[in-house]
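Notes follow the structure.
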Amino acid sequence: MTAARRHHEPPSLSDRLRSTQAMTRPLMLDIIAHACRRFPSLGQSERTARIMRLVDVEAWADAALALMELELPLWQVRRIAYDEGEWHCALSRERELPDWLDAAVEAHHADLALALLSAFVEVEASILAVSRPSAPTVRSAPDPLYEPVGCENFG
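Residue numbers 33 to 187, in the numbering used here, belong to the letters of the sequence shown in order.
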């Protein structure tokens, strides 16, 4: 198979956010389409309309914060800091815990909105990775190496 015919998987949202230099409307709409679960289901509520107004006027940081508020109601911004030419953003579920006890998700980028959205996408990915069904799952077939053994002594 030639290199031209190989199917290349498109870069993930995290990779795209890391590699881009500035926020754009198509990138924001792509994030909304692929990383947001609540946004499409709410239709045109006031909160989604506000986010779209912020996107229209290119208020990227405000749009990112409003998107996080809508999509991640249990998460809060723990820290936003600017250091050595980069914005560092940390999102946490337990903001009041000391840093060493908290399992915050951190991201950094030269652009504030991209740092915020990078952390947002990482949280969304981690939520999907650990999401569990409400009912326990049952294995379809037993392990082939498993063999039941009776060990009672009735004598």
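Virtual Cβ for every residue (Gly too), placed ideally from N, Cα, C.
Among the options, the one whose alpha carbon lies nearest that of residue i
i	options	result
residue 122	147, 61, 70 and 102	147
residue 109	96, 116 and 133	96
residue 66	152, 92 and 86	152
Close Cβ partners of residue i (< 6 Å) along its chain, the five nearest in sequence each way excluded
i	result
residue 185	none
Other residues of its chain near residue i: CB distance less than 7 Å, five sequence neighbours each side excluded
i	result
residue 136	110, 122, 123 and 124
CA-to-CA distance, residue j to residue i, given in whole angstroms
i	j	result
residue 53	residue 142	8 Å
residue 90	residue 115	24 Å
residue 56	residue 79	21 Å
residue 58	residue 88	11 Å
residue 98	residue 133	27 Å
residue 159	residue 61	21 Å
residue 48	residue 69	19 Å
residue 155	residue 182	48 Å
residue 77	residue 93	21 Å
Range covered by the alpha helix (DSSP H) that runs through residue i
i	result
residue 44	Where residue 44 is concerned, there is no enclosing alpha helix (DSSP H), given that its DSSP letter is neither H nor E.
residue 102	92 to 103
Residues near residue i by beta carbon distance below 8 Å, same chain, minus five either side
i	result
residue 71	64, 80, 83, 99, 102 and 103
residue 120	111, 112, 113, 114, 138, 139, 140 and 147
Environment of residue i [buried if 16+ CB atoms lie within 10 Å]
i	result
residue 150	buried
residue 86	buried
residue 45	buried
Where the beta strand (DSSP E) containing residue i begins and where it ends
i	result
residue 115	108 to 115
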